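Residue numbers (my numbering): 47 to 195.
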């Protein structure tokens, strides 16, 4: 039975959680901010390190794609969330979904598992900032493009 590397998962959650902290320890990574870009760059490195193909769409949604010859024709299974935050955010909101998805695929790959479905780990851009940039929201934008929203 495979188990995720819990220490690596928590190390990454804590590393991402440090990005955007102010002197009082309040965490803020607003969409399109320098802190959010720093977080995106960190997550992009983890996606590549997991052996996934990194694809970024025109509004900044990031996809880590696990594709093999066996699953190339299958519809993808998607998991993930967001890494931008509200002001003074908690450490796990969104980040656990993003980093957890990467960790699951990394664990499967390390265990020699070959999936019958294409794995797609995604990090939605601008999940939290609709008031700042109306119409520039990653998740609803993806749903609209796929005809489901």
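From the three backbone atoms N, C-alpha and C, an ideal C-beta is built for every residue, glycine too.
Note that the coordinates shown come from a computational prediction; the quantities given were computed from them, not determined experimentally.
Cβ-based burial, residue i [other Cβ within 10 Å; buried from 16]
i: residue 121; result: exposed
i: residue 52; result: exposed
i: residue 130; result: buried
i: residue 77; result: buried
i: residue 86; result: buried
i: residue 127; result: buried
i: residue 157; result: exposed
i: residue 47; result: exposed
Residue i vs residue j beta-carbon contact at 7 Å
i: residue 155; j: residue 97; result: yes
i: residue 74; j: residue 63; result: no
i: residue 117; j: residue 72; result: no
Reduced DSSP secondary structure (H/G/I, E/B, other) of residue i
i: residue 94; result: helix
i: residue 132; result: coil
i: residue 124; result: strand
Cβ distance (whole Å) where residue i is taken to contact residue j below 8 Å
i: residue 114; j: residue 160; result: 6 Å
Contact the segment 144-151 vs the segment 54-66: 3+ CB pairs below 8 Å
Touching, yes.
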